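Below you'll find the structure, written out as structure tokens, and then a few comments.
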Amino acid sequence: MSLLEIKNLNVRFGDKNAVPVVDGLDITVEKGEVLAIVGESGSGKSVTMMALMGLIEHPGIVTADALNFDGKNMLKLSNRQRRQIVGKDLAMVFQDPMTALNPSYTVGFQIEEVLRLHLKMSSKQARKRAIELLEKVEIPGAASRMDAYPHQLSGGMSQRVAIAMAIAGEPKLLIADEPTTALDVTIQAQIMDLLLALQKEQNMGLVLITHDLAVVAETAQRVCVMYAGQAVEVGQVPQLFDIPAHPYSEALLKAIPEHSLGATRLSTLPGIVPGRYDRPQGCLLSPRCPYVQDSCRATRPTLDPKSHSLARCFYPLNQEVA
């Protein structure tokens, strides 16, 4: 049994007939696995994980054939049952640490709260453990930082505190939603190294949402490429980087800057992601795809096995057309 199993996830805002923001998504994550989810802004990456966490509020509508975490159907849990899981076995690190932390409370209080709520620790035990967690995420002078407020910390320090809060409950699955976006390059590398070290130490599953394909290459075993709310390719990271099956995956890889390019222009994919009211009848990439054929414009492809991966394409790039 997979640690996380998502089948045919759909997220809409408005009513059940609205165009889905997440459209028929299938994802699995095994214990101890690192899965990366990549795609342009607005592709549905964060909304997918927010649906799992139960953070989609009205007028959002979440439906799925399966939304199972650790054998439990997250859609059928009561609010009380969900609170026993989220923050403990299932935790999330958000992309902006300055807004993820409550400015009205000290960082020590916020970490201690997780420990008291989920691990039923006493105040004394929680404070001791909170200091240990700050040390684990490599915050210098951890004990002296316990009484600091979020505004007194740098962005990198704040993200380390957010990670300490997320791992306080010893989660089985950690979701990291672009955890380095708001940080400078040097701190980004430190935060990613920290997340991977914690993932290996605790053997937890890790879902990494990112725009950075270099991070994917260095950290993940599998990758899910999303476009316009759909998974367009799912496969092993080395194979996807060597021979992408979907034209969108290829376009993302071609857009990576290389030192050898010199003054030449970066490769770009013309056009924009289809909006709510201008989605094409066929493949959602068809207006932008350099390989488009008539059948692509007429019919929407499904996510099917294509050589080494799953690809939502009639004419995958890594195999001959049957």
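In terms of UniProt numbering, the sequence shown opens at residue 1 and continues consecutively.
Where a beta carbon is used, it is the ideal one built from N, C-alpha and C, also for glycine.
Since this is a predicted model, take the numbers as computed values, not measurements.
Cβ atoms of residue 50 and residue 56: under 7 Å apart, would you say?
yes
Decide yes or no for the touch test of the region 55-70 against the region 250-257: beta carbon pairs closer than 8 Å, at least 3 of them.
Under the three-pair Cβ rule at 8 Å, the region 55-70 does not count as touching the region 250-257.
Mind checking residue 299: buried by the 16 CB within 10 Å criterion, or exposed?
exposed
What are the boundary residues of the beta strand (DSSP E) that residue 12 is part of?
4-13
Close-in-space but distant-in-sequence residues of the same chain around residue 30 (CB under 8 Å, 5 per side omitted)
2, 3, 205
Euclidean distance between Cα positions of residue 149 and residue 143
The straight-line gap from Cα to Cα measures roughly 13 Å.
Same chain only: Cβ atoms within 6 Å of residue 75, ignoring 5 sequence neighbours per side
67
Per DSSP, cross-strand counterpart(s) of residue 66
Beta-bridge pairing links residue 66 to 7.
For residue 305, does the three-state DSSP call read helix, strand or coil?
strand
Other residues of its chain near residue 131: CB distance less than 6 Å, five sequence neighbours each side excluded:
142, 143
Residue 151 classed as buried or exposed, judged by whether at least 16 other C-beta atoms fall within 10 angstroms:
Answer is exposed; the Cβ neighbour count stays below 16.
Alpha-carbon spacing of residue 44 relative to residue 209, whole angstroms
In a straight line, the C-alpha of residue 44 is about 10 Å away from that of residue 209.
Short of 8 Å in beta carbon distance, which residues of its chain neighbour residue 274, apart from the five on each side in sequence? Order them along the chain.
The answer, listed in chain order, is 228, 280, 284, 287.
Exposure label - residue 272; buried when at least 16 CB within 10 Å
Under the 10 Å beta carbon count, residue 272 is surrounded by fewer than 16 other beta carbons and is classified as exposed.
Where does residue 319 land, buried or exposed, given buried means 16+ other C-beta within 10 angstroms?
exposed
Taking residue 237 as the reference, which of 258, 257, 215 has the closest Cα?
It is 215.
Use the C-beta contact count for residue 321: other C-beta atoms within 10 angstroms, 16 or more gives buried, fewer gives exposed.
Its pLDDT being 45, under 50, residue 321 is placed unreliably in this model, and the value from its coordinates should be taken loosely. Using a 10 angstroms sphere on the CB of residue 321, the tally of other CB atoms stays under 16, which defines it as exposed.
Proximity winner among 245, 125, 115, 225, relative to residue 166 (alpha-carbon distances)
115
Rank 194, 224, 179 by C-alpha distance to the C-alpha of residue 100 and give the top, closest one.
179
Tell me whether residue 232 is buried or exposed, calling it buried when 16 or more other Cβ atoms sit within 10 Å of its Cβ.
buried
4 or more residues per run - each alpha helix (DSSP H) lying fully within the region 188-257
213-219, 237-242, 247-254
Which listed residue (14, 9, 19) has its alpha carbon closest to that of residue 278
19
What is the residue span of the alpha helix (DSSP H) that residue 117 lies within?
The continuous alpha helix (DSSP H) containing residue 117 extends over residues 107-118.
Cutoff 7 Å; reference residue 266; Cβ partners in own chain excluding five residues on either side
255, 257
Cβ separation of residue 312 and residue 221, assumed to be a contact under 8 Å, to the nearest whole Å
Contact doesn't hold; Cβ gap of about 21 Å is too wide.
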